[in-house]
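The structure under discussion appears below in the form of structure tokens.
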Amino acid sequence: RPLIKNLNELPYLDFEDFDFNKYAPPGHLKNCLLLETSRGCIFNCVFCGQRTYWQGFRTMSGKRIYEEIKFQVEKYPNFEQIEFLDLVFNGNMRTLKEFCDLMISMPIKKNLRWHANMVVRPDMTEEICRKMKQAGCWHLTFGIESGSQKVLDKMKKNFSIIDAEEVIRNTHNSGIMVTCNFMFGFPGETEEDFQQTLDFIKRNAKYIDMLYPSYTYFTIEPFSYLASHLDEFGVIPNPVHGQYWDSVDLKNTYPERLKRYEKFISLANSLGTKIGSGLQTSIEQEKYYKLGIYYESKKDYEQAINCFKKYLELDPNNIVILNKIKIIKNIES
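Everything in the sequence shown is counted per my numbering, starting at 1065 for the first residue and increasing by one.
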């Protein structure tokens, strides 16, 4: 179907058939309204699969965003927070400023606050960050991904380490909570590159409220540029899952990426920085479950069973894991 070029023409979301009493607020959020005000992204990261079906970037105007929030909050006064689900909420700085100015000049509700995902860009000055804070922004998430400029350039992240540090500090100094996302073992990442990520965390820990290390470390997303150019990035795919790929020199494997993840977690803990996981199970359970699957995919059944047994020490009655062990033993026999 043709793209909707003018997102302002979209109708307001209709929640008439939803009983909000049946929905628990997600995670740390209060009663929140979920909104998506744009399509696509101004960046073109090679690992992202969403650009395949959302080419370019389109956004509602700041006024249209403000008007929808006003409409929804007047209709559902229990909303306390706006959770913007956009890939990037600062893709158009003029739109962002217009939205903030309206939220400041005509407050919709006392203490109404909002969170969004944003990209690092030099025009994210302390002035605009303070404007966002005044407009109700309490939390921003940035996809930093690596502390190595070489790796960022391979990812086509389109920002510099210097800009990233400046934006994080501007956000923090404005009183807005900062979350930074990181990946581990991007194709071509060396130990030196990874050390630069750890050094980045050390330098900026006091400006970061939460670190969100990807618990898949680095997954090859279907439909991404990387997924269709594996040779260019020196990747051997694994048919079981995009998490379990190897580099052609076999130096970058799932267990190696796990080690980097664990080093990152250890450093964050030593710095006292809060860590987000996004997991429904413990990190240890996730570790041994996925390692077991990895070794099973490699037909290293002894290692797979060892990992699954370690999982069972934490969750001894897990039917899925018990059946996994039975199936592997049948294969071996």
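Each residue gets a CB set at the ideal place from its N, CA and C atoms; glycine is no exception.
1. Could you tell me how far apart the beta carbons of L1355 and L1322 are, in whole angstroms, since I believe they sit closer than 8 angstroms?
2. T1261 bridges to which residues according to DSSP?
3. Taking F1143 as the reference, give the member of E1162, F1153, K1174 with the closest Cα.
4. Please go through the segment 1205 to 1292 and give each complete beta strand (DSSP E) segment of 3 or more residues, from N-terminal end onward.
5. Ordered along the chain, which non-local residues of its own chain (more than five positions away) have a Cβ less than 6 angstroms from that of M1196?
6. Near L1176, which residues of its chain fall below 6 angstroms by C-beta distance, leaving aside the five closest residues on each side in sequence?
7. Which same chain residues end up closer than 7 angstroms to F1111 when comparing Cβ atoms and leaving out the 5 residues on each side of it in sequence?
8. Just mark L1097 as buried or exposed, buried being the case when its beta carbon has 16 or more other beta carbons within 10 Å.
9. Apply the 10 Å Cβ neighbour rule to D1257 and answer buried if 16 or more other Cβ atoms are within range, or exposed otherwise.
10. Note the first and the last residue of the continuous beta strand (DSSP E) segment covering N1394.
11. Leaving out five residues on either side along the sequence, give the residues of the same chain with a beta carbon under 7 angstroms from the beta carbon of C1371.
12. From H1203 to H1236, what does the alpha carbon distance come to, in whole angstroms?
13. Report the option in M1247, M1188, K1266, N1394 whose CA atom is closest to the CA atom of S1278.
14. Using the Cα positions of D1295 and E1253, report the straight-line distance between them to the nearest angstrom.
15. Is it buried or exposed for G1207, if we count other Cβ within 10 angstroms and need 16 for buried?
16. Closest to N1095 by CA distance: which of M1157, V1137, S1169, V1231 is it?
17. For F1328, collect the residues of the same chain with a Cβ closer than 6 angstroms to its Cβ; drop the 5 residues on either side in sequence, then sort them by chain order.
18. Among D1078, E1230, Y1271, I1168, which residue has its Cα nearest to the Cα of A1012?
19. From the DSSP output, in three-state form, read off K1315 for me.
20. Residue range of the alpha helix (DSSP H) that T1159 falls in?
21. Looking at the strands, I want to know which residues DSSP matches up with S1102.
22. DSSP puts Q1145 in a beta bridge; with which residues?
On the basis of the supplied data:
1. If you number the sequence shown from 1, residue 1355 lands on position 291. If you number the sequence shown from 1, residue 1322 lands on position 258. A Cβ-Cβ distance of about 7 angstroms is found for the pair L1355 and L1322, placing them in contact under the 8 angstroms criterion.
2. Counting from one through the sequence shown, the residue named residue 1261 turns up at place 197. Partner(s): none; T1261 has no beta bridge.
3. Numbered from its first residue, the sequence shown carries residue 1143 at position 79. Looking at the Cα atoms, K1174 is the closest of the given residues.
4. 1241 to 1246, 1274 to 1277
5. For the purposes of this step, residue 1196 is identified with residue 132 of the sequence shown, where counting begins at 1. The residues are C1164.
6. Taking the first residue of the sequence shown as position 1, residue 1176 is located at position 112. G1200, listed in sequence order.
7. Residue numbering aside, residue 1111 sits at position 47 when the sequence shown is read from its first letter. Correct list, in chain order: M1219, E1285, S1288, L1290.
8. Numbered from its first residue, the sequence shown carries residue 1097 at position 33. Under this definition L1097 is a buried residue.
9. Counting from one through the sequence shown, the residue named residue 1257 turns up at place 193. Buried, since its Cβ has 16 or more Cβ neighbours within 10 Å.
10. As a first step, residue 1394 is located in the sequence shown; it is residue number 330 there, counting from the start. Run containing N1394: none in the beta strand (DSSP E); it sits in the alpha helix (DSSP H), 1383 to 1396.
11. As a position in the sequence shown, residue 1371 is number 307, starting the count at 1. Residues Y1352, L1355, G1356, Y1359 of the same chain have their beta carbon placed closer than 7 angstroms to that of C1371, with the five preceding and five following residues left out of the count.
12. Locating residue 1203 in the sequence shown gives position 139, counting from the first residue. Locating residue 1236 in the sequence shown gives position 172, counting from the first residue. The straight-line gap from Cα to Cα measures roughly 10 angstroms.
13. Taking the sequence shown and counting its residues from 1, one reaches residue 1278 at position 214. Comparing Cα-Cα distances from S1278 to each of M1247, M1188, K1266, N1394, the minimum goes to M1247.
14. For this step, residue 1295 is matched to residue 231 along the sequence shown. For this step, residue 1253 is matched to residue 189 along the sequence shown. For D1295 and E1253, the distance between alpha carbons rounds to 16 angstroms.
15. The count along the sequence shown starts at 1 and reaches residue 1207 at position 143. Buried, because 16 or more other Cβ atoms sit within 10 Å of the Cβ of G1207.
16. Residue numbering aside, residue 1095 sits at position 31 when the sequence shown is read from its first letter. The candidate whose alpha carbon is nearest that of N1095 is V1137.
17. Taking the first residue of the sequence shown as position 1, residue 1328 is located at position 264. For F1328, where only same-chain residues beyond five positions count, the Cβ hits under 6 angstroms are P1277.
18. Summary: the structure shown does not reach residue 1012, with the chain confined to residues 1065 through 1397, and so no result is reported for it.
19. Here residue 1315 refers to the residue found at position 251 when the sequence shown is read from its first residue. Three-state result, K1315: coil.
20. Residue mapping note: residue 1159 aligns to position 95 of the sequence shown, counting from 1. Boundaries of the alpha helix (DSSP H) around T1159: 1157 to 1169.
21. On the sequence shown, residue 1102 is found 38 positions in, with the first residue counted as 1. Paired residues: T1123.
22. The sequence position of residue 1145 within the sequence shown is 81, counting from 1. DSSP, once it has assigned bridges, lists C1096, R1177 as partnering Q1145.
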